[in-house]
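Residue numbers (our numbering): 1427 to 1936.
Structure below.
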């Protein structure tokens, strides 16, 4: 097939792919050709073939699905990437620049198709890019060339004579997860729904797949529905590739340390504004900036530690892509750090803390607490995190953590604040419990959100969730149990945060 753009076409080509699953024989030639052409190391793939056995004996057939990047017109990975390492070319191809990738894994969390991975050799994100280097010189992608049944086609959507454009415009084709509104340019012809929907097929008993036994531990996600009984299922997974969750315990811990960093400044500030403690007291003058600054520093350490390229963390500022909430969050944290530094400087010099500093710090502390809600919302792949009440929930958590963290200091240095702090801890603990109860008991709009909720409350993360809820329930009694409530509240929220962050990533996407 001639890939050169027709001379009569004045516009830039718009590359798309059609995969004809009625022709696919599951030979994996595309997978091996892709690995060879792009030097993809073992344990990761840019493309692979998923097998699903559809039907019940004796009416059974095997359906295939070639899985890879969907080359979205509105690509969530491009929006989430803080350095523009993932970018959209003028011809519609979503490509990547490894030289500026910091390995934050935000693109992996954002991709609804589980198409992006971290290369274990160079620690940068990569995926299928339509073999752009071949298209640029008039050659077809390696998978297209090697496919023995011509099941994979690539062409220009702007060229009405291309086979791809004709199939898309004249025949019945489908895309994966159209509800995500990413406008994919990878179209499937004749694909079975059991292969397109990662939850449609059941996992085989004992996780015994073809050629392998696949465990789905806390760090791995395997396709298929874990709760669907194989005895009544019309489709059973036969072969699939497990994927690692992008964000581990360090991200769970980051949400906790950041909550303390925001709350430790916010709570004393509110007590000063309401006249509960004096503006020249120890809590506001010293405890607030030192504790907030300490936990903000821990937050920064965790964020940098989680990067695959920690030495490139300054690229967030020098190569900033401003739609990313990683970039916006970094700016918010930087501004908040400056406020804490100025506050500490005034205290160290023996000067009164100016009122204007508190009014500047108030919105920055709030934004530090809640910006993670928008960061998680950019992870379009994770339905559990698409919660419009999450900013409110994070603000409540910051107040909870802040009141618990400064209570021991109030007991030693400013006893007048102890009773208000105990009541604030009780009120925020109760509010947190009510928000969580609403989230887990109301019907979710998608199967992915329902499954993630199940994994949090009754699945692999149930022990963290239940411990967190039990400890937080006990913390509601803070006015009566006093300082005993402090470790209960802190540990309880840490356990809940881990369950929430990890459960959101536990649902298979491919």
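Glycine included, each C-beta is placed from N, C-alpha and C at the ideal position.
Nothing here was measured: the structure is a model prediction, and the numbers come from that model.
With three or more beta-carbon pairs closer than 8 angstroms as the criterion, would you say the stretch 1664-1672 touches the stretch 1759-1779?
Verdict: no, contact absent.
What first and last residue would you give for the beta strand (DSSP E) that runs through residue 1785?
Taking the first residue of the chain shown as 1, we reach residue 1785 at position 359. Where residue 1785 is concerned, there is no enclosing beta strand (DSSP E), although the alpha helix (DSSP H) it sits in stretches over 1781-1803.
Is residue 1754 helix, strand or coil when you go by DSSP?
Counting from 1 along the chain shown, the entry for residue 1754 is found at position 328. For residue 1754, the secondary structure class from DSSP, reduced to helix, strand or coil, is helix.
Is it true that the stretch 1543-1558 meets the stretch 1505-1521, where meeting means three or more beta-carbon pairs spaced less than 8 angstroms apart?
Result yes; three or more Cβ-Cβ pairs closer than 8 angstroms.
Go ahead and pull the three-state DSSP assignment for residue 1636.
Numbered from its first residue, the chain shown carries residue 1636 at position 210. In the structure shown, residue 1636 sits in coil (DSSP, three-state: anything other than H, G, I, E or B).
Over what stretch of residues does the beta strand (DSSP E) that includes residue 1685 continue unbroken?
Residue numbering aside, residue 1685 sits at position 259 when the chain shown is read from its first letter. Residue 1685: not part of any beta strand (DSSP E); member of the alpha helix (DSSP H) spanning 1675-1699, first to last residue.
Examine the Cβ distances between the stretch 1836-1853 and the stretch 1875-1882 and report whether three or more of them are shorter than 8 angstroms.
Touching, no, given that fewer than three Cβ pairs across the two stretches are closer than 8 angstroms.
Out of 1483, 1511, 1551, which has the shortest C-alpha to C-alpha gap to residue 1471?
Taking the first residue of the chain shown as position 1, residue 1471 is located at position 45. Out of 1483, 1511, 1551, 1551 has the C-alpha closest to the C-alpha of residue 1471.
Can you tell me the Cα-Cα spacing of residue 1858 and residue 1823, whole angstroms?
In the chain shown, the residue the question calls residue 1858 occupies position 432. In the chain shown, the residue the question calls residue 1823 occupies position 397. Taking the straight line from one Cα to the other gives about 7 angstroms.
Report the three-state DSSP secondary structure of residue 1669 (helix, strand or coil).
Stepping through the chain shown from its first residue, residue 1669 is reached at position 243. Looking at residue 1669 - three-state DSSP - the assignment turns out to be strand.
Are there three or more Cβ pairs, one per stretch, closer than 8 angstroms when the stretch 1524-1535 is compared with the stretch 1733-1744?
The stretch 1524-1535, when compared against the stretch 1733-1744, does touch it at the 8 angstroms Cβ threshold.
Is it buried or exposed for residue 1782, if we count other Cβ within 10 angstroms and need 16 for buried?
Working through the chain shown from its first residue, we reach residue 1782 at position 356. Result: exposed.
In angstroms, rounded to a whole number, what distance separates the CA positions of residue 1459 and residue 1567?
Numbered from its first residue, the chain shown carries residue 1459 at position 33. Numbered from its first residue, the chain shown carries residue 1567 at position 141. Residue 1459 and residue 1567 have their C-alpha atoms roughly 9 angstroms apart.
Straight-line CA distance for residue 1934 to residue 1537?
In the chain shown, the residue the question calls residue 1934 occupies position 508. In the chain shown, the residue the question calls residue 1537 occupies position 111. Distance between residue 1934 and residue 1537, taken at the CA atoms: about 12 angstroms.
Can you give me the start and stop residues for the beta strand (DSSP E) that residue 1491 sits inside?
On the chain shown, position 65 is the one that residue 1491 refers to. Element bounds for residue 1491: 1485-1493.
Should residue 1744 go down as buried or exposed, given a rule of 16 or more other Cβ atoms within 10 Å for buried?
Stepping through the chain shown from its first residue, residue 1744 is reached at position 318. Burial call: exposed.
In DSSP terms, what residue 1514 is bridged to:
Start at 1 with the first residue of the chain shown, and residue 1514 comes out as number 88. Bridge partners of residue 1514: 1520.
For residue 1597 and residue 1583, I'd like the C-alpha separation in whole angstroms.
As a first step, residue 1597 must be located in the chain shown, where it is residue number 171. As a first step, residue 1583 must be located in the chain shown, where it is residue number 157. Per the coordinates, the alpha-carbon of residue 1597 lies some 14 angstroms from the alpha-carbon of residue 1583.
Measure from the alpha carbon of residue 1687 to the alpha carbon of each residue in 1618, 1793, 1676, then state which is nearest.
Against the chain shown, residue 1687 aligns to sequence position 261. Checked all of 1618, 1793, 1676; the closest Cα to residue 1687 is 1793.
Exposed unless 16 or more other CB atoms sit within 10 angstroms - verdict on residue 1658
To locate residue 1658, count along the chain shown from 1; it is residue 232. At residue 1658, the pLDDT of 45 sits below 50, so the modelled position is not reliable and the matter cannot be decided from this model.
Buried or exposed: which applies to residue 1448, given that a residue is buried once 16 or more other Cβ atoms fall within 10 Å of its Cβ?
By one-based count along the chain shown, residue 1448 stands at place 22. Under this definition residue 1448 is an exposed residue.
Can the beta-carbon of residue 1514 be found less than 8 angstroms from the beta-carbon of residue 1501?
Counted from its first residue, the chain shown places residue 1514 at position 88. Counted from its first residue, the chain shown places residue 1501 at position 75. Annotated as proximal: residue 1514 and residue 1501, with beta-carbon spacing under 8 angstroms.
Would you kindly work out how many angstroms separate the C-alpha atoms of residue 1936 and residue 1707, rounded to a whole number?
In the chain shown, residue 1936 corresponds to position 510, counting from 1. In the chain shown, residue 1707 corresponds to position 281, counting from 1. In this structure, the straight-line span from the alpha carbon of residue 1936 to that of residue 1707 is close to 56 angstroms.
Spatial distance of residue 1594 from residue 1497 (CA atoms)
As a working mapping, residue 1594 is identified with position 168 in the chain shown. As a working mapping, residue 1497 is identified with position 71 in the chain shown. Answer to the nearest angstrom: the Cα atoms are 15 angstroms apart.
If we call anything under 8 angstroms between Cβ atoms a contact, is residue 1445 one with residue 1681?
Looking up residue 1445 in the chain shown gives position 19. Looking up residue 1681 in the chain shown gives position 255. Not a contact, by the Cβ cut-off of 8 angstroms.
Check whether the Cβ atoms of residue 1712 and residue 1703 sit closer than 8 angstroms, and answer yes or no.
Here residue 1712 refers to the residue found at position 286 when the chain shown is read from its first residue. Here residue 1703 refers to the residue found at position 277 when the chain shown is read from its first residue. No; because the gap between Cβ atoms is not below 8 angstroms, this pair is not in contact.
For residue 1726, the first and last residue of its enclosing alpha helix (DSSP H)
For the purposes of this step, residue 1726 is taken as residue 300 along the chain shown, with counting starting at 1. Taken as a continuous stretch (DSSP letters only), the alpha helix (DSSP H) holding residue 1726 covers 1714-1731.
Enumerate in chain order the residues of its own chain whose CB-to-CB distance from residue 1580 is below 7 angstroms, with the five nearest sequence positions on each side excluded.
Translated into the one-based positions of the chain shown, residue 1580 becomes position 154. If we look at residue 1580 and ignore the five residues flanking it on each side, its Cβ neighbours are 1441, 1443, 1556, 1566, 1567, 1570, 1590.
Leaving aside the five residues before and after residue 1801 along the sequence, list all residues of the same chain whose C-beta is less than 7 angstroms from its C-beta, in chain order.
Translated into positions along the chain shown, residue 1801 becomes position 375. Within the same chain, residue 1801 has close Cβ partners 1751, 1752, 1755.
Local conformation of residue 1613 per DSSP, three classes:
The residue given as residue 1613 occupies position 187 in the chain shown. Three-state DSSP puts residue 1613 in a strand.
According to DSSP, residues forming a beta bridge with residue 1441
Locating residue 1441 in the chain shown gives position 15, counting from the first residue. In DSSP, residue 1441 forms a bridge with 1582.
What's the C-alpha gap between residue 1628 and residue 1505?
Walking along the chain shown from the start, residue 1628 turns up at place 202. Walking along the chain shown from the start, residue 1505 turns up at place 79. Taking the straight line joining both Cα atoms gives about 33 angstroms.
Less than 8 angstroms separating the beta-carbons of residue 1508 and residue 1662?
By one-based count along the chain shown, residue 1508 stands at place 82. By one-based count along the chain shown, residue 1662 stands at place 236. Taking C-beta atoms as the reference points, residue 1508 and residue 1662 fail to come closer than 8 angstroms.
Residue 1599 - DSSP class collapsed to helix/strand/coil
Start at 1 with the first residue of the chain shown, and residue 1599 comes out as number 173. Secondary structure at residue 1599: coil, using DSSP grouped into helix, strand and coil.
Three or more C-beta pairs under 8 angstroms: does that hold for the stretch 1911-1925 against the stretch 1796-1815?
No, because fewer than three Cβ pairs between the stretch 1911-1925 and the stretch 1796-1815 fall closer than 8 angstroms, the two stretches do not touch.
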